[in-house]
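Here the structure is laid out as structure tokens; the discussion comes afterwards.
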Amino acid sequence: MRGAAVATAVGMVGLAVMTTGCSGTPHYVPPAHTYYVAADGDDTADGTAPDSAWRTLDRADRTKLRPGDRLLLEGGARFRGTVTVGRDEAGDPGRPVVIGSFGSGRAVVTSAAEPAVSVHDTGGVQIRDLVLRGAPASRAHDAGVNLYSDLQSGARPSGITVSGVDVSGFRVGLAVGASRHGVGFRDVTVSQASLHGNKDIGLLTYGPDFKPARAAYAHENLTLDSVAAYGNPGDPNAHDRHTGDGIVVGSVRGATVRHVDAHDNGARAASDAPEGPVGVWAYDATRVVIEESVSYRNHTGSTVDGAGFGLDSNVSDSALRRNLAFDNDGPGFYAYQRWTNGAHARNTISHNISAGDGRALPEHGAVAVYGTDIHDLAVVQNTVLLSRSPAGTGPALRLQTGEHGVVVRNNLFVTEGVPLVLADRGLTRSDVVLQGNDYRSADGDWQVSWGTESYGSLAAWREATGQETAGGKATGLDVDPCLAGGALPEIRSVADASRTVPTCPALAGKGVEPPLPGGVPAVGPVDYFGHTVAAPPQVGAVVPR
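In UniProt numbering, the protein residues as written are 1 to 545.
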């Protein structure tokens, strides 16, 4: 079929050439230009060589950047103003406009009251190797790199990459946004970026309000790789919204978030905000994978959130896997849904490690499933280590009403002086089922609180609730996992994750394998460290060795 289609196309071209005489002539592609801006430049020069560079960004901004053009700023020099690429510029992902540095080091762009780099209603742009700094006024309104679309129809602008940038001093470090019309961007990649010291958020994608009856997403195909978002403190005067987030992925269909590092965010978030900050989270999104990343020492100023990783409202067909969370104010990992609309469905939380989370809000647990309407969630093969917080007692696993078809299977829960599980009254096995988990109290009483009852042994809990059974047989363990770092290892760095490796076969092959909820993303064949998982599966995030 393919050969026939090619032959037909060739025949049609031949006919067109015969009848028109010139339509076979290759399309004219204008030559690309490289423009330079230097500290000792001259705005009356032509700007086309380092020795005839312009001096200011204002002069550079008066030039239309066509596909293939490059605008290069002198490395190590400092420039005030904004670089903008508008709707009638760039536009060809195959011949991107490049905005970057030349010479030694990275150029520094300081902006007083606007984004440092702005891309509006167009694609085919590469932004790379720049240091972007905001002035105090920038912290009130602007993103350091602002990609924004207010197109009302047509194809999404595509092919934008941002790499090698260091952004601080803005309200948001990097924003990818769309107006209420919802025509956002496609194929956006951010890599090797450092987003820190921005008031509200390190990185944010957003779009129009989510409508569950006709789910639509502003952006498609977002890739974040090797992005650090840290020290974004939040706004103590933001009483109506969350601030102090690391990375927020919203209104996206298809996102891969990998090798990101979110830490020490949210320290100044408002004490009365209705929502709190989170290290890395998604909302109003589908097919999002957040993996091989770390989120730690994130804070909240209020009584909510402060978590490491989250699948928030209206997230579907998405996964948190092979991530590390530790010392966060709130849960290490959570799933949450605000509305009853069926839009939080078919998600997976697997092969993650949570250690010492819930430092300020222990009542929410280290792993939390809560809200009003969560469907078909798999919490599988995670390792959760939790001791008593200075702020009080909280569980390793917190389950609230409002969930349906949730499976919690083959996880390792190790606690010291706190409950292993705390579940609301009324949860049945059609709502949530626990199977094949290891519940270990490193010190203190063994405790599971289920509804209004508290149980002091696995056998008693199983007998009373029917949890930890499969096919009429008992499942679940209460055994020492022989972790390399001791009975309850402390995790203070990524390297410390090796302390969670089991050193005896107590958990090897002790997991269970009934089907997961229909449609949830696959758990995958490897553990937290990338080692192959044999069958039956291990208990916990790490293969014993």
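By construction, the Cβ of each residue, glycine as well, lies at the ideal position given by its N, Cα and C atoms.
Exercise. Is E490 helix, strand or coil when you go by DSSP?
Worked result: On the sequence shown, position 490 is the one that residue 490 refers to. In the displayed model, E490 falls within coil according to three-state DSSP, outside both helix and strand.
Exercise. The beta strand (DSSP E) spanning H141 covers which residue range?
Worked result: The residue you call residue 141 lines up with position 141 of the sequence shown. H141 -> not in any beta strand (DSSP E); alpha helix (DSSP H) instead, spanning 138-141.
Exercise. What did DSSP end up calling E89 once you bin it into helix, strand or coil?
Worked result: As a working mapping, residue 89 is identified with position 89 in the sequence shown. Coil, per DSSP.
Problem set entry | Every unbroken alpha helix (DSSP H) inside the stretch 497-528 [4 residues or more] | Counting whole runs of 4 or more residues, the stretch 497-528 contains no alpha helix (DSSP H) stretch at all.
For this session: Alpha carbon to alpha carbon, how far is A193 from A178? Give it in angstroms, no decimals.
Result: Position 178 of the sequence shown, counted from the first residue, corresponds to residue 178. Position 193 of the sequence shown, counted from the first residue, corresponds to residue 193. Looking at the two C-alpha atoms, the distance is approximately 22 Å.
For this session: Using three-state DSSP, classify D357 as helix, strand or coil.
Result: On the sequence shown, residue 357 is found 357 positions in, with the first residue counted as 1. Residue state, collapsed to three classes: coil.
Exercise. With a CB to CB cut of under 8 Å and the five nearest residues on each side skipped, what residues in its chain are close to D376?
Worked result: For the purposes of this step, residue 376 is taken as the residue at position 376 of the sequence shown. These residues qualify, in order along the chain: A345, R346, N347, H404, G405, V406, P517, G518, G519, V520.
Problem set entry | Those residues which DSSP pairs with Q337 across a bridge | Taking the first residue of the sequence shown as position 1, residue 337 is located at position 337. According to DSSP, which records beta bridges pairwise, Q337 is partnered with G371.
For this session: Classify D42 as helix, strand or coil using the three-state DSSP reduction.
Result: In the sequence shown, residue 42 corresponds to position 42, counting from 1. Three-state result, D42: coil.
Exercise. From V83 to E220, what does the alpha carbon distance come to, in whole angstroms?
Worked result: Counting from one through the sequence shown, the residue named residue 83 turns up at place 83. Counting from one through the sequence shown, the residue named residue 220 turns up at place 220. Cα-Cα distance, rounded: 25 Å.
Exercise. Do three or more CB pairs link the stretch 486-502 to the stretch 329-339 at distances below 8 Å?
Worked result: Judged by Cβ distances under 8 Å, the stretch 486-502 makes no contact with the stretch 329-339, as fewer than three pairs qualify.
Exercise. So who's on the other strand from D438, going by DSSP bridges?
Worked result: What you label residue 438 is simply residue 438 of the sequence shown in a count that begins at 1. Paired residues: L412, L477.
Exercise. Cα separation between R402 and R388?
Worked result: Indexing the sequence shown from 1 puts residue 402 at position 402. Indexing the sequence shown from 1 puts residue 388 at position 388. A small fix is needed here, since residue 402 is Gly in this sequence, not Arg. Near 27 Å, if we compare the C-alpha coordinates of R388 and G402.
For this session: Answer yes or no: do G207 and G173 have a C-beta to C-beta separation smaller than 7 Å?
Result: Taking the first residue of the sequence shown as 1, we reach residue 207 at position 207. Taking the first residue of the sequence shown as 1, we reach residue 173 at position 173. Contact: no.
For this session: Could you say which of D61, S168, S441 lies nearest to L488 if we only look at CA atoms?
Result: For this step, residue 488 is matched to residue 488 along the sequence shown. Nearest of D61, S168, S441 to L488, Cα basis: S441.
For this session: Note down, in chain order, each residue of its chain lying with its Cβ closer than 8 Å to the Cβ of N265, except the 5 sequence neighbours on either side.
Result: Residue numbering aside, residue 265 sits at position 265 when the sequence shown is read from its first letter. Once the five neighbours on either side are set aside, the close Cβ partners of N265 are G202, A229, Y230, G231, N232, P233, G234, G244, D245, G246, P277, G279, N298, H299.
Exercise. Which stretch, first to last residue, makes up the alpha helix (DSSP H) that contains L57?
Worked result: For this step, residue 57 is matched to residue 57 along the sequence shown. Where L57 is concerned, the enclosing alpha helix (DSSP H) stretches over 57-61.
For this session: Compare the Cα-Cα distances from P93 to each of G68, I491, A60, T56 and report the closest residue.
Result: Your numbering for residue 93 matches position 93 in the sequence shown. Of the candidates G68, I491, A60, T56, the one whose C-alpha sits nearest the C-alpha of P93 is G68.
For this session: Check whether the Cβ atoms of V257 and L224 lie closer than 7 Å to each other.
Result: The residue given as residue 257 occupies position 257 in the sequence shown. The residue given as residue 224 occupies position 224 in the sequence shown. For V257 and L224, yes; Cβs fall inside 7 Å.
Problem set entry | Coil, strand or helix - L458 by DSSP | Taking the first residue of the sequence shown as position 1, residue 458 is located at position 458. Helix.
Problem set entry | Closest by C-alpha distance to S293, when choosing among P481, S111, G169, N323 | Here residue 293 refers to the residue found at position 293 of the sequence shown. Looking at the Cα atoms, N323 is the closest of the given residues.
For this session: Mark A275 as exposed unless 16 or more other C-beta atoms lie within 10 angstroms of its C-beta, in which case mark it buried.
Result: The sequence position of residue 275 within the sequence shown is 275, counting from 1. Reading off the sequence shown, one finds Glu at residue 275, where the question assumed Ala. In the assembly as shown, E275 is a buried residue. Its beta-carbon has 16 or more other beta-carbons within 10 Å.
For this session: Keeping to the same chain, check which residues put their C-beta closer than 7 Å to that of H259; ignore five residues upstream and five downstream.
Result: Against the sequence shown, residue 259 aligns to sequence position 259. So the qualifying residues of the chain are D225, S226, E292, S293.
Exercise. Does the Cβ-Cβ distance between V145 and V108 come in under 7 Å?
Worked result: Within the sequence shown, the letter at position 145 stands for residue 145. Within the sequence shown, the letter at position 108 stands for residue 108. Contact flag unset, no.
Problem set entry | Close beta carbons around I349, own chain, < 6 Å, minus the five adjacent residues each side | Against the sequence shown, residue 349 aligns to sequence position 349. Result list for I349: L320, F333, V379, in chain order.
Exercise. Relative to the alpha-carbon of G47, which residue among P30, E74, V29 has its alpha-carbon at the smallest distance?
Worked result: Position 47 of the sequence shown holds residue 47. For the residues P30, E74, V29, the minimum Cα distance to G47 belongs to E74.
For this session: Figure out for me which residue from R425, G436, D480 has the closest Cα to the Cα of S454.
Result: In the sequence shown, the residue the question calls residue 454 occupies position 454. The candidate whose alpha carbon is nearest that of S454 is R425.
Exercise. Does the distance from the CB of A270 to the CB of A238 come in under 7 Å?
Worked result: Along the sequence shown, read from residue 1 onward, the residue named residue 270 stands at position 270. Along the sequence shown, read from residue 1 onward, the residue named residue 238 stands at position 238. In this structure, A238 lies closer than 7 Å to A270 by Cβ.
For this session: Give the single residue among G394, G164, D51 whose Cα lies nearest to the Cα of G105.
Result: Counting from 1 along the sequence shown, the entry for residue 105 is found at position 105. The shortest Cα separation from G105 among G394, G164, D51 belongs to G164.
For this session: Identify every run of the beta strand (DSSP E) within the stretch 184-212, keeping only runs that are complete inside it and at least 3 residues long; order them along the chain.
Result: 186-196, 201-205
Problem set entry | Pair within 7 Å by beta-carbon distance, F81 and L57 | Position 81 of the sequence shown, counted from the start, is the residue given in the question as residue 81. Position 57 of the sequence shown, counted from the start, is the residue given in the question as residue 57. First, the amino acid is wrong: residue 81 is Gly here, not Phe. For G81 and L57, yes; Cβs fall inside 7 Å.
Exercise. Quick one: is P505 buried, meaning 16 or more other Cβ sit within 10 Å of its Cβ, or exposed?
Worked result: For this step, residue 505 is matched to residue 505 along the sequence shown. Classification for P505: exposed.
For this session: Let me know if A137 comes out buried or exposed under the rule of 16 or more other beta-carbons within 10 Å of its beta-carbon.
Result: Residue numbering aside, residue 137 sits at position 137 when the sequence shown is read from its first letter. Result: exposed.
Problem set entry | Residue range of the unbroken beta strand (DSSP E) whose run includes N221 | As a first step, residue 221 must be located in the sequence shown, where it is residue number 221. Element bounds for N221: 219-230.
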